[in-house]
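**Q** So the number in my numbering is just where the residue sits in the sequence shown, counting from 1, plus 217.
Even for Gly, the Cβ is constructed at its ideal location relative to N, Cα and C.
For clarity, every value in this text was computed on a predicted model and none was experimentally measured.
So that we are looking at the same thing, I have put the structure below in structure tokens.
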Amino acid sequence: MVGCTCYVCTSTNKKDNRLRSSILVQSETTTLLVDATPDFRQQMLTHKVMRLDAVLITHPHKDHVGGLDDTRAFQFLQKAPTPVYGNALSMAGVKLELPYAFKDFVYPGVPVIDLHEIDLEPFIIGDIPIIPVLVWHFKMPVYGFRFGDFVYITDANRIEEEEKAKIRGCHTLVLNALRYEQHISHFTLPQARAVAEELNVKRAFFTHISHQLGRHTEVNETLPHHIQLAYDGLELHF
């Protein structure tokens, strides 16, 4: 494989088995998903998720919306459409991803999705307050989200000062860190570490990791204790 650090592919450490990046945010009464990746079905089955109250979309790239068709299972179980939230660009991208779900005549069995366009104003789903955080994926506006003292940001390489104020001092930050080498639209590992340290977060986990970054254990050994790589199945409790 050209450009692939193949020893990651052959690692026996389960933390090196990396599906596309998304997170599940749960309270006692509400379950939210941030991004429905092409691995959505596998992720939901693996973790035995039986309810989904809404999906938040960070941006409309395929690796973040490609699993929306599989939300049909939850619509069947809950007998209700799935609310999907995102900025105007993301909502337009969802329509392009699932054009058959938004036609005047909808074929029976297609996913039933309620689109909710949001801006940077805070809002609430169920009992979970949400603060959108604008970041930049080269020239594309991407939304991160703050849930209480937890902030999730993926696919970014720039955060403006006004938006940094929404993150500064939070307990836990999840941030993308693609590789060591410079990238046009993603933070590198050194850049992500610098952001976490600048914003004085108590702990940080890096996600959206490419094979080029290397093995989980080896990379973590180069990082301070409060800044580590995330991994599939990681659970954080607040």
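Note down the Cα distance separating Leu285 from Ala309, rounded to an integer number of angstroms.
**A** Answer to the nearest angstrom: the Cα atoms are 14 Å apart.
**Q** Roughly how many whole angstroms lie between the Cα atoms of Asp366 and Tyr324?
**A** C-alpha separation (whole angstroms): 42 Å.
**Q** Among Arg385, Ile376, Lys231 and Ile347, which one has its Cα closest to the Cα of Gln408?
**A** For the residues Arg385, Ile376, Lys231 and Ile347, the minimum Cα distance to Gln408 belongs to Ile376.
**Q** Quick check on the burial criterion: 16 or more other C-beta atoms within 10 angstroms. Buried or exposed for Asn304?
**A** With 16 or more other Cβ atoms within 10 Å, it is buried.
**Q** Identify which residue in Thr434, Val301, Glu414 and Leu306 has its Cα closest to the Cα of Asp331.
**A** When only C-alpha atoms are compared, the closest one is Val301.
**Q** In this structure, how does DSSP classify Asn393 when only helix, strand and coil are distinguished?
**A** In the structure shown, Asn393 sits in a strand (DSSP, three-state: E or B).
**Q** By DSSP, does His433 sit in helix, in strand, or in coil?
**A** It is helical.
**Q** If you draw a straight line from the alpha carbon of Ser210 to that of Asp344, how long is it in whole angstroms?
**A** Residue coverage of the chain in this structure runs from 218 to 455, which leaves residue 210 outside it and unanswerable.
**Q** Are the beta-carbon atoms of Ile342 and Leu416 separated by less than 9 Å?
**A** No, the Cβ-Cβ distance between Ile342 and Leu416 is not below 9 Å.
**Q** Decide if Lys231 is buried, meaning its Cβ has at least 16 other Cβ atoms within 10 Å, or exposed.
**A** It is exposed - the Cβ of Lys231 has fewer than 16 other Cβ atoms within 10 Å.
**Q** Give the C-beta separation of Arg237 and Asp280 to the nearest angstrom, bearing in mind that I take them to be a contact with Cβ-Cβ under 8 Å.
**A** Indeed they touch by this definition, with Cβ atoms about 5 Å apart.
**Q** Please report the distance separating the alpha-carbon of Val266 from that of His425.
**A** Answer to the nearest angstrom: the Cα atoms are 22 Å apart.
**Q** Which residue comes first and which comes last in the beta strand (DSSP E) that contains Phe364?
**A** Counting along the chain, the beta strand (DSSP E) containing Phe364 begins and ends at Met357 to Phe364.
**Q** Applying the 10 Å Cβ sphere with the 16-neighbour rule, what's the burial state of Ile401?
**A** By the neighbour-count rule (16 or more Cβ atoms within 10 Å), Ile401 is not buried but exposed.
**Q** For Ala382, tell me which candidate among Glu314, Tyr397, Pro349 and Arg410 has the shortest Cα-Cα distance.
**A** Nearest option by C-alpha distance: Pro349.
**Q** On a Cα-Cα basis, can you pick out the residue from Glu338, His354 and Trp353 that is closest to Lys363?
**A** The question names Lys, yet the displayed sequence has Arg at residue 363. Per the Cα distances, Glu338.
**Q** Please confirm if the region 384 to 400 is in contact with the region 425 to 442, defined as three or more CB-CB distances below 8 Å between the two stretches.
**A** A contact exists between the region 384 to 400 and the region 425 to 442.
**Q** Using only CA atoms, which one of Lys356, Val311, Val242 and Asn234 lies nearest to His454?
**A** Checking every option, the nearest Cα to that of His454 belongs to Val242.
**Q** Does chain E have any CB closer than 9 Å to the CB of Thr227?
**A** Here there is only one protein chain, and chain E is not present.
**Q** Quick check on this structure: which residue in Lys419, Tyr448, Gln292 and Glu378 has the alpha carbon closest to the alpha carbon of Gly326?
**A** Among Lys419, Tyr448, Gln292 and Glu378, the Cα nearest to that of Gly326 belongs to Gln292.
**Q** Taking the straight line between their C-alpha atoms, what separation do you get for Arg432 and Ala271?
**A** One C-alpha to the other measures close to 33 Å.
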